[in-house]
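J.:
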Amino acid sequence: MGRVDVSIPKERFLLCLSFIYLFAFASLYIQLPGLYSEKGVTPVQTLTLNVPKDASDLVKNLNLLRFAEFLQLDVYMCLELVTVVGIVLSFLSSFTSAFRIGPVFLALWLLYLSVVKVGQTFLWFQWDILLLESGFIAILLSSFGTLISLPRVVASDKIGMWLLRWLLFRLMFSSGVVKLISDCPTWWNLEALHWHYQSQCIPTPLAWYAHHLPGWFHNLCVAGTFVIEIPMTFLFFMPFRTTRLASFYSQVLLQLAIILTGNYNFFNLLTIALCYSLLKDDDFNSRRRRKWTVSGSLSFVISWVLIISIFVISAYLFEFSISNNSITSSVGFTKKEFTWFLNTSVKYSIYFGVAFFFVEVLHSIVVALYARRFWRKLYELVGVIVISFIGLAVLMSSLVPFASLNPTIQLPSQNLQVYKHLQPYYITNSYGLFRRMTGVGGRPELILEAASNLNGPWSEYAFNFKPGRVDGRPPVVSKKSFLFYGDLYLLVVYVVDYS
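Numbering of the sequence shown is given in this note's numbering, commencing with residue 559 and proceeding in unit increments.
1. Under three-state DSSP, which class holds Gly890?
2. With H, G and I counted as helix, E and B as strand and the rest as coil, what does DSSP make of Glu1018?
3. On a CA-only basis, which of Arg710, Gly677, Val925 and Leu671 is nearest Gly598? Give me that one, please.
4. Taking Cβ to Cβ, would you say Gly854 is nearer than 8 Å to Tyr874?
5. State the beta-bridge partners of Gly820 as determined by DSSP.
6. For Trp933, does the count of other Cβ atoms within 10 angstroms reach 16, so buried, or fall short, so exposed?
7. May I ask which residues mark the beginning and end of the beta strand (DSSP E) holding Ser879?
8. Starting from Phe975, trace the alpha helix (DSSP H) both ways and give me its first and last residue.
9. Are the CB atoms of Ile645 and Phe583 within a distance shorter than 8 Å?
10. In this structure, how does DSSP classify Ser884 when only helix, strand and coil are distinguished?
11. Here's the rule I'm using: 16 or more other beta-carbon atoms within 10 Å means buried, otherwise exposed. How should Lys1038 be labelled?
12. Roughly how many whole angstroms lie between the Cα atoms of Met730 and Asn1013?
13. Could you tell me which whole alpha helix (DSSP H) segments of length 4 or greater appear in the stretch 637 to 679?
14. Based on the DSSP secondary-structure assignment, which residues constitute the bridge partners of Glu1007?
15. Using C-beta distances below 6 Å, list every residue in its chain close to Asn621, excluding the 5 sequence neighbours before and after it, in chain order.
16. Can you give me the C-alpha to C-alpha distance between Cys759 and Gly1030, rounded to a whole angstrom?
17. Three or more beta-carbon pairs under 8 Å between the stretch 716 to 731 and the stretch 967 to 982, yes or no?
18. Spatial neighbours of Trp667 within its chain, please: CB distance less than 8 Å, with the 5 preceding and 5 following residues excluded, ordered by chain position.
19. Under the three-state reduction of DSSP, which class applies to Ala804: helix, strand or coil?
20. Under three-state DSSP, which class holds Arg799?
21. Give the DSSP-derived three-state secondary structure of Ala913 in the structure shown.
22. Label Trp898 either buried or exposed according to how many other C-beta atoms from any shown protein chain fall within 10 Å of its C-beta, with 16 as the threshold for buried.
23. With 16 other CB atoms within 10 Å as the buried threshold, where does His979 fall?
24. Is DSSP giving Ser732 helix, strand or coil here?
25. May I have the straight-line CA-CA distance separating Tyr807 from Leu939, to the nearest angstrom?
26. Restricting to Cα atoms, I'd like to know which of Arg1001, Glu1018, Ser1010 and Ala1008 is closest to Gln756.
27. So what does DSSP say about Leu726, is it helix, strand or coil?
28. Just how far apart, CA to CA, sit Leu803 and Ile985?
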């Protein structure tokens, strides 16, 4: 068979995703009583979940908790069962490669989708829908493997890895441009980090030190964030090894910086896992001596021209200058110029995304045809055809939320129809955190107090991770992946309601 050059990054991604599923289910399970039990904050008993009448009814509202009555369990006990099964399957998948297969990832996706659909207030965050979208693509990536002695590495893997790369591009590019689309003055003045470290939901101890760094350094970091999230993402489309590595390390560097200064559970870990889609097998063999070739030298030169061009243009657009032992920076483009860039880049990104998808499909067909045995060749070709059609539906659906960044784009009606049909399953979503910086001028806090009678005395509820006492050190949430929903929700409330 022809060479499938994404087997190592594929396995790394599936391994990381297995651990992330484990963290997600485990952190939710230990908080189920306080969140969803009869005496919890949002009891699931109040939800109406009818047993599916037939297969079409189940598909229309896909939720495993609808079988609670059939299993003679109440909804909360069924939720516990679903979560426990998710923990067991993700644990097996994390520590045994034999369980890193399609049926297991399909089950994990169905289990987490069911949890999200009844999660109400506490499961509407972007990391939840990102996990569902990544998890669905993982189903396309993973084969039946050792379950029935089928190959783990197949030609269609290239299509699945491209869908992951397209997801990563939409995530990072959208996260960058929405900050400027929102017209938030702190982002346009490069002053967002002056407030971010103290106003974010659950800061780490290092956030205190980051907050007290010089103002010029905060401005420089905001400009650097824009460079990584916007122009550097276009390197995802380049076929050169140097650009792959540059884009990979720049994205990972940004995520590590966020992990060190803030607790965002598995969101940053999942983003790093998605970055594996930028790599190929050769990128994991640093000791391999590469022969000199004209094409290799030319790609090396082109790569560095692209990288240096991005930094030179960025230095011009953000007006970098060195003076008095500091680097000053400011936005050197107007909102009108940014709007032109946004509309143009979104339009051509869609062209690139669709074009490269079909390139990967054709490449996968060629790889499948290299199979020596007839039955292996047939298996590979059927797999490529099936994954291509499913992947095309995912791609068409993903263009709808992405194209919303440019209101002038008119997509074909077929895209809207596909998106409408897939929307209940969270297979494609819109992204963009921190559209507007909150806590400017100070950090609002919600304080909950209780008393045995109305006359007092009143005592403040102390949460494990929600910042409260100014003389207490911010926490580091275990494994950076266990999300404490109650603490986080109280911190998000003032973003939605107070502001």
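Even glycine gets a Cβ: it sits at the ideal position worked out from N, Cα and C.
T.: Reading from the atomic positions:
1. coil
2. strand
3. Gly677
4. no
5. Pro761
6. exposed
7. Ser879 to Ser881
8. Before going further, note that residue 975 is Gln rather than Phe in the sequence given. Ser971 to Leu980 is the extent of the alpha helix (DSSP H) around Gln975.
9. Taking 8 Å as the cut-off, the Cβ atoms of Phe583 and Ile645 count as close.
10. strand
11. With a pLDDT of 38 at Lys1038, under the threshold of 50, the modelled position of that residue is not reliable, and the figure given next carries that caveat. Lys1038 should be labelled buried.
12. 52 Å
13. 660 to 677
14. Glu1018
15. Ser672 and Lys675
16. If I take the Cα positions, the gap works out to 15 Å.
17. no
18. Leu690, Gly693, Phe694, Ala696 and Ile697
19. helix
20. helix
21. helix
22. Around the Cβ of Trp898, a 10 Å sphere holds fewer than 16 other Cβ atoms; the residue is exposed.
23. Residue burial annotation: His979 is exposed, with fewer than 16 other C-beta atoms found within 10 angstroms of its C-beta.
24. helix
25. 34 Å
26. The shortest Cα separation from Gln756 among Arg1001, Glu1018, Ser1010 and Ala1008 belongs to Arg1001.
27. helix
28. Within the model, the alpha-carbon separation for Leu803 versus Ile985 is close to 28 Å.
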